[in-house]
Amino acid sequence: MTAKASMVWTTLLILAGIFSLAFIFFTLFPGQVPDAAWQYFTPAEVERARHYQQTMRLVSILAFLAQIAFLVWLVASTRAAAWSDGALCLTGGRYYPALVIYFVLIWLSLKAVALPFNFYSSFIVQHQWGFSTQTLTSWWLDYLKGGVLDLILSGAGVLLLFWATGRWPHTWWAAAGLFLSGWLFISAFLWPLLVAPLFNRFQPIPEGPTKTMVTQLAGRAGLKVKEVLVMDASSRTTKANAYFTGLGATKRIVLYDTLLADYPPDEVEAVIAHEMAHWQRGHILRGLLWGIVANFLLLGLLYAVLKLTFTYEIARPGPYPPHLLVAMLLFIQLVSFLGQPVQNAISRCYETEADRVALELTGNPGAMIRLQVDLARKNLGDVALPAFIEWLSSSHPSPLARIQAVEKRGKSK
Ligand SMILES: [Zn+2]
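Quick note on the UniProt record's numbering: the sequence shown kicks off at 1 and runs consecutively.
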């Protein structure tokens with residue numbers, strides 16, 4: 001490894017360490033909630049939500065650190081290379097079968113490292129706080145289905161990527177970027193049709209007042225909204241939510257059945273208006289375009305860092321040796337973590353814009369404020385986040401910020 005390479009890796013690790021420590025510090029010591037919160041929430045509500053979110057945040061950062069530690073250990077202990085040699089030995093030196101074995105081995109190890117955190121946060125904690133309605137069998141079924149899907153898709157991705165390193169030794173990263181861009185569009189289009197139904201059941205919203213509300217809102221927003229679906233979220237959680245997904249002909253708004261069951265009609269209207277605002281403003285497409293830019297940047301940087309780190313291995317003809325996979329994963333994990341503030345800042349912009357447009361569509365600031373209060377109360381959302389946590393990890397502005405934005409616009413009308 002060149003001196004430059006070790007500087008790059010050390011910088012990445014130190015930065016990720018600083019971010020993680022600050023994240024843990026502000027999770028444990030979140031400071032005071034702004035006084036404005038007391039108009040909407042009681043101290044007990046704020047405390048309860050904080051406690052729940054503290055647990056969830058600690059588990060998520062520990063899971064991340066455990067995976068990074070595992071990858072660093074693989075590289076530093078030279079096991080990454082030894083396992084790769086072992087795989088090549090096992091297949092009699094045949095490259096692609098060895099790559100497949102090596103990938104599965106690394107994939108399974110990473111899954112094993114993450115599993116306790118995953119199980120604790122999505123099953124045990126969810127039951128402790130009374131959110132989960134899922135049985136243990138159903139949890140494992142979801143986990144296995146998601147795992148198999150991930151294994152197949154990421155396995156195919158890794159095979160293609162390594163094949164490209166042999167085919168285009170200096171420009172594989174651009175080829176991979178192009179391929180990934182195409183894939184992002186295809187998967188955004190197909191996800192609601194092929195993947196979402198593996199986990200949940202979706203039904204068109206029945207005729208009735210909510211359907212009429214959707215039609216009226218769509219008319220005001222100037223949208224041809226064909227699909228508003230109700231998802232059987234209650235088979236897993238008591239939390240309420242909604243989302244906008246798909247691309248082109250597969251665009252749809254999905255409402256949790258828990259939202260329709262537990263929230264008054266004018267708050268449901270505020271949710272639908274918010275999702276329609278995402279639709280009207282093309283947020284999925286704009287998000288995809290940002291994703292494409294980020295992927296090219298990430299892959300270009302990955303190539304540059306691999307060239308510095310594995311100068312000798314890369315100079316040889318043929319595809320990269322399998323053990324480079326571990327360094328690639330480590331780099332991608334670190335840079336994605338450090339790039340979160342940019343991604344989340346863009347997402348928070350879209351959320352703010354969607355709230356603003358939703359208010360224009362419903363003209364009902366009172367319902368939008370009550371919706372934020374109810375969602376925070378029932379889903380135990382942090383009322384106001386410490387600035388650092390919001391900056392690093394929050395895709396949405398905090399409920400209090402969203403409430404205050406509605407209040408401000410309500411007054412300026
Ligand atoms: Zn949104």
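Cβ coordinates follow ideal geometry from the N, Cα and C atoms, glycine included.
- [ ] Would you mind reading off the limits of the beta strand (DSSP E) that contains Ile253?
- [x] Arg252 to Tyr256
- [ ] Determine the closest residue to Leu325 out of Lys4, Met56, Leu65 and Ala82, with distance taken between C-alpha atoms.
- [x] Ala82
Task: Per DSSP, the bridge partner or partners of Tyr243 - done: Val254
Task: Straight-line Cα distance separating Phe162 from Phe199 - done: 31 Å
Open item on the list: Measuring only the C-alpha atoms, how far is Leu184 from Asn295?
Closed with: 10 Å
Open item on the list: As a quick exercise: from Ala98, Leu306 and Tyr243, pick the residue whose alpha carbon is nearest that of Asp85.
Closed with: Ala98
Task: Contact belief for His396 with Arg356 at Cβ below 8 Å, rounded distance in angstroms - done: Not quite, the Cβ-Cβ distance comes to about 14 Å (not below 8 Å), so this is no contact.
Task: Within 7 Å, strictly: CB atoms of Thr10 and Gln54 - done: no
Task: Met368, enclosing alpha helix (DSSP H) - first and last residue - done: Pro365 to Asn379
TODO: With distances taken Cα to Cα, identify the nearest neighbour of Ile106 among Leu71, Phe131 and Phe19.
DONE: Leu71
TODO: Using the DSSP secondary-structure output, state which residues sit across from Pro204 in a beta bridge.
DONE: Leu229
Open item on the list: DSSP three-state label for Ser121, please.
Closed with: helix
TODO: Return the CA-CA distance between Val406 and Tyr256, expressed in angstroms with no decimal places.
DONE: 24 Å
- [ ] Could you tell me the distance, in whole angstroms, from the CA atom of Leu308 to the CA atom of Lys4?
- [x] 7 Å
TODO: Have a look at the DSSP bridge pairing and note the partners of Ser347.
DONE: Looking at the DSSP assignment, Ser347 forms no beta bridge with any residue, so it has no partner.
Task: Stretch-stretch touch, CB-based, cutoff 8 Å, three pairs: the segment 373 to 393 with the segment 327 to 335 - done: no
- [ ] Could you tell me if the beta carbon of Glu390 falls within a distance shorter than 6 Å of some heavy atom in ligand 1?
- [x] no
Task: Residue closest to Pro321, alpha-carbon to alpha-carbon, out of Phe119, Gln126, Val228 and Arg94 - done: Arg94
Open item on the list: So, with DSSP's three-state summary, where would you put Ser132?
Closed with: strand
- [ ] Can you give me the start and stop residues for the alpha helix (DSSP H) that residue 415 sits inside?
- [x] A question about residue 415 goes unanswered here, because the residues of the chain that appear run from 1 up to 413.
- [ ] Note down the Cα distance separating Trp73 from Asp382, rounded to an integer number of angstroms.
- [x] 35 Å
Open item on the list: Can you tell me where the alpha helix (DSSP H) holding Leu193 begins and where it ends?
Closed with: It is not in any alpha helix (DSSP H) - Leu193 carries neither H nor E in the DSSP assignment.
Open item on the list: If you measure from each CB to the nearest heavy atom of ligand 1 and keep those under 6 Å, what residues do you get, in chain order?
Closed with: His274, His278, Glu351 and Ala354
Task: Of the listed residues Tyr350, Thr91, Leu141 and Ser393, nearest to Phe64 (C-alpha basis) - done: Ser393
Open item on the list: Under DSSP, the alpha helix (DSSP H) around Pro209 begins and ends at which residues?
Closed with: Pro209 to Ala221
Open item on the list: Which residue marks the beginning of the alpha helix (DSSP H) containing Ser234, and which one marks its end?
Closed with: No alpha helix (DSSP H) holds Ser234; DSSP gives it neither H nor E.
Open item on the list: Could you compute how far the alpha carbon of Trp173 sits from the alpha carbon of Gly300?
Closed with: 6 Å
Task: Nonlocal neighbours in the same chain, by C-beta distance under 7 Å from Asp142, ignoring five residues either side - done: Phe199
Task: Local Cβ density within 10 Å of Ile152, reported as buried at 16 or more and exposed below that - done: exposed
Task: Endpoints, alpha helix (DSSP H) assigned at Phe70 - done: Pro43 to Ala76
Open item on the list: I'd like to know whether the C-beta atoms of Trp279 and Leu229 end up nearer to each other than 7 Å.
Closed with: no
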